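In the working numbering, the protein residues as written are 1255 to 1719.
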């Protein structure tokens, strides 16, 4: 008998697993299953069990840490009881939602009964013991007739001397090292060699087939085959997060019609303003970064050009009346994008503190679902790594992402002298690139957004008004 506690949407929001109350030959117990801890989660990995077998669990206590497609999330208990059996040990990966992971009992005396418990232990023994009938022996195929010698071979060639064979037959022959010229006349139209002919030839002369490839014409690997590296190497298993990142990036590049707009902005005034504000905030232990100004300028530009603050929803475009800016953060497990909510309404100090807090949580895999799910725009900054220019991939269903490079000193024209000749000076400049979803953001709208962003960066005091 299955018993579900509370509405499913509420349970998914709380990150609580579904429990299955079981009345088998074992003492009364509850089978805890893998919960859905994020809207897009399909499988999970048990990163760590926070409770050992035999220990008491209070309602709402964290049982285990589960790695989802987004982050490591706490798996909480619904009811109190004793953890009688851990079915999925630490490190178990790709566990589908609803798969049993542990057993919970009400009485401590019942724990010992589950020492050798297995998932299907309560199934009917007769059904489990009944062996499957052995498959009938497949009779060996009758040997194919020996290929005809010289005359039929000539029939498989066109007037130009080329062997006539289907593309699939050529591919299979290449894999098996078979010279098509020795196969003979094919069974297809006009003696065309087919897959059947290659298989029949291989069956009639299995030992001789590989030897047919000549040294002068080495056999090429079949499409999709990867040559084994000659040196040492290590295969690294993919985490659920890395799999999801890869899947979403490929999906974005394949389905979203990206276009890119780049602009160079002066950061001279921003550098001066930042230095002045940091001096004033020194006693409070707060230090603003250039990225804090970029986040604030991006949020204000979103409010100024609301068409960019939208999302493609297949059958309609959703326009948001709030601005939540995602900030790309590199972690050992992959790239995550925690959210600075209502960034257009926050001051620079609040943005700075929020970003630092989220970055620490992200690197420690402690982000909660509401801290990384959603967002209306993303900022990715690689300037601290010496990168001056790059293009980022849009994070669907968002309509745009800003790629920020580092600042560099350049000679720029500052005006003209009395004779009308140009004068030059040095200036710190930064290149930014806006990737847009052309289904949502037209080119002119993207350009307007960049101009608004540039205005805030080159006149940072306007952000404080």
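Idealized CB from N, CA, C, for every residue including glycine.
All values derive from a computational prediction rather than experimental measurement.
Considering just the uninterrupted stretch of the alpha helix (DSSP H) at residue i, what are its terminal residues?
{"i": "residue 1587", "result": "Here residue 1587 belongs to no alpha helix (DSSP H), and DSSP marks it neither H nor E."}
{"i": "residue 1699", "result": "1697-1712"}
{"i": "residue 1721", "result": "Nothing can be reported for residue 1721: it is not among the residues displayed for the chain, which extend from 1255 to 1719."}
{"i": "residue 1544", "result": "1544-1558"}
{"i": "residue 1619", "result": "Counting along the chain, residue 1619 falls outside any alpha helix (DSSP H), and DSSP gives it neither H nor E."}
{"i": "residue 1576", "result": "Segment: none, residue 1576 is in no alpha helix (DSSP H) and carries neither H nor E."}
{"i": "residue 1451", "result": "1449-1458"}
{"i": "residue 1504", "result": "1494-1509"}
Please name the residue in the options whose C-alpha comes closest to that of residue i.
{"i": "residue 1447", "options": "1294, 1423, 1607", "result": "1423"}
{"i": "residue 1572", "options": "1652, 1676, 1330, 1645", "result": "1652"}
{"i": "residue 1365", "options": "1282, 1554, 1511, 1568", "result": "1282"}
{"i": "residue 1525", "options": "1718, 1309, 1712", "result": "1712"}
{"i": "residue 1701", "options": "1716, 1516, 1344, 1484", "result": "1516"}
{"i": "residue 1566", "options": "1288, 1546, 1696", "result": "1696"}
{"i": "residue 1368", "options": "1648, 1586, 1280", "result": "1280"}
{"i": "residue 1315", "options": "1330, 1506, 1309", "result": "1330"}
{"i": "residue 1705", "options": "1687, 1606, 1533, 1457", "result": "1687"}
{"i": "residue 1362", "options": "1310, 1351, 1660", "result": "1310"}
{"i": "residue 1650", "options": "1290, 1343, 1718, 1294", "result": "1294"}
{"i": "residue 1692", "options": "1333, 1683, 1506", "result": "1506"}
{"i": "residue 1431", "options": "1453, 1441, 1301, 1332", "result": "1453"}
{"i": "residue 1657", "options": "1484, 1631, 1441", "result": "1631"}
{"i": "residue 1548", "options": "1569, 1574, 1568, 1579", "result": "1579"}
{"i": "residue 1317", "options": "1341, 1337, 1703, 1694", "result": "1337"}
{"i": "residue 1457", "options": "1427, 1483, 1319", "result": "1427"}
{"i": "residue 1599", "options": "1341, 1439, 1558", "result": "1558"}
{"i": "residue 1359", "options": "1351, 1308, 1341, 1450", "result": "1308"}
{"i": "residue 1528", "options": "1439, 1497, 1714", "result": "1714"}
Considering only their Cβ atoms, is the gap separating residue j from residue i smaller than 7 Å?
{"i": "residue 1663", "j": "residue 1677", "result": "no"}
{"i": "residue 1551", "j": "residue 1583", "result": "no"}
{"i": "residue 1684", "j": "residue 1587", "result": "no"}
{"i": "residue 1562", "j": "residue 1654", "result": "yes"}
{"i": "residue 1581", "j": "residue 1556", "result": "no"}
{"i": "residue 1354", "j": "residue 1285", "result": "yes"}
{"i": "residue 1320", "j": "residue 1298", "result": "yes"}
When the Cα atoms are used, what is the spatial distance from residue i to residue j?
{"i": "residue 1305", "j": "residue 1624", "result": "25 Å"}
{"i": "residue 1542", "j": "residue 1596", "result": "18 Å"}
{"i": "residue 1604", "j": "residue 1645", "result": "28 Å"}
{"i": "residue 1540", "j": "residue 1592", "result": "21 Å"}
{"i": "residue 1601", "j": "residue 1325", "result": "28 Å"}
{"i": "residue 1444", "j": "residue 1455", "result": "18 Å"}
{"i": "residue 1357", "j": "residue 1334", "result": "12 Å"}
{"i": "residue 1708", "j": "residue 1292", "result": "36 Å"}
{"i": "residue 1718", "j": "residue 1633", "result": "20 Å"}
{"i": "residue 1435", "j": "residue 1485", "result": "37 Å"}
{"i": "residue 1381", "j": "residue 1610", "result": "Note on residue 1381: pLDDT 36, under 50, position unreliable in the model; the coordinate value appears next. The straight-line gap from Cα to Cα measures roughly 58 Å."}
{"i": "residue 1376", "j": "residue 1339", "result": "Residue placement at residue 1376 is flagged as unreliable, the pLDDT there being 42, under the threshold of 50; the coordinate-derived value follows with that caveat. In a straight line, the C-alpha of residue 1376 is about 14 Å away from that of residue 1339."}
{"i": "residue 1371", "j": "residue 1538", "result": "58 Å"}
Over what stretch of residues does the beta strand (DSSP E) that includes residue i continue unbroken?
{"i": "residue 1635", "result": "1631-1635"}
{"i": "residue 1336", "result": "1335-1340"}
{"i": "residue 1357", "result": "1354-1359"}
Would you list the residues sitting across from residue i in a DSSP beta bridge?
{"i": "residue 1663", "result": "1682"}
{"i": "residue 1320", "result": "1300, 1327"}
{"i": "residue 1607", "result": "Note: residue 1607 sits in no beta bridge, so no partner."}
{"i": "residue 1676", "result": "1670"}
{"i": "residue 1212", "result": "Summary: the structure shown does not reach residue 1212, with the chain confined to residues 1255 through 1719, and so no result is reported for it."}
Could you check whether the Cβ of residue i sits closer than 7 Å to any Cβ belonging to chain E?
{"i": "residue 1304", "result": "Absent from the structure is chain E; it holds one protein chain and no more."}
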